[in-house]
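Q:
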Amino acid sequence: MTDQVTSGAAPDEQNPQFSLQRIYVRDLSFEAPKSPEIFRQEWNPSVALDLNTRQKALEGDFHEVVLTLSVTVKTGEEVAFIAEVQQAGIFLIKGLDPASMSHTLGAFCPNILFPYARETLDSLVVRGSFPALMLSPVNFDALYAQELARMQAAGTAPAQA
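What the sequence shown shows, in my numbering, is residues 119 to 279, in sequence order.
1. Measuring straight from C-alpha to C-alpha, what distance separates I148 and S247?
2. Please identify the residue among Q159, E196, Q205, L169 whose C-alpha is closest to the C-alpha of L146.
3. For the putative contact between V203 and F232, defined by C-beta atoms under 8 angstroms, what is the C-beta separation to the nearest angstrom?
4. Just to confirm the assignment, what range does the beta strand (DSSP E) spanning P233 have?
5. Touch check for the segment 190–198 and the segment 157–166: three-plus C-beta pairs under 8 angstroms?
6. Would P228 and F258 be called neighbours here (beta carbons separated by less than 8 angstroms)?
Structure follows, in structure tokens:
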């Protein structure tokens, strides 16, 4: 007869778990307010990118994370197009301390979603008959750290990370 030593906690409670359940487009929009005239102008684009993330707790240990990329492209003073994608994912996350959970939802999950959002945005722009828009990679860890530091300076975030 062999005795098994257990810690008293179920394995699921001891080990952190992370699992991607689904990736999907939550919202998508494209507007070319000056078409078709804009196609006859010299193409000298300036690109403005607005990036945002949000998360929502779902039932159990499931979380929805939404990454929003909004791009406004001008040529000269004229708006060539405005495109926006909300790329979302459902993630199963359990067994993390609050600081790790915050980092996972604020940086790790958006990092997973970004390539999908970038490809969707690029495809949308090309379908609008504009040159491909290949956005550079984004360092979500750095953005998360900046936001956490900003919140701590304002006294709205805990002093851990």
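Ideal Cβ placement from N, Cα and C applies to all residues, glycine included.
The model shown is predicted, which means the values in this text are computed figures rather than measured ones.
A: Checking against the coordinates, here is how it stands:
1. The question names Ile, yet the displayed sequence has Phe at residue 148. F148 and S247 have their C-alpha atoms some 12 angstroms from each other.
2. Among Q159, E196, Q205, L169, the Cα nearest to that of L146 is on Q205.
3. In this structure V203 is not in contact with F232, their Cβ atoms being roughly 11 angstroms apart against a cut-off of 8 angstroms.
4. If you look at P233, you'll find it isn't in any beta strand (DSSP E); it sits in the alpha helix (DSSP H) that goes 227–245.
5. Verdict: yes, contact present.
6. Yes, Cβ-Cβ distance for P228 and F258 is below 8 angstroms.
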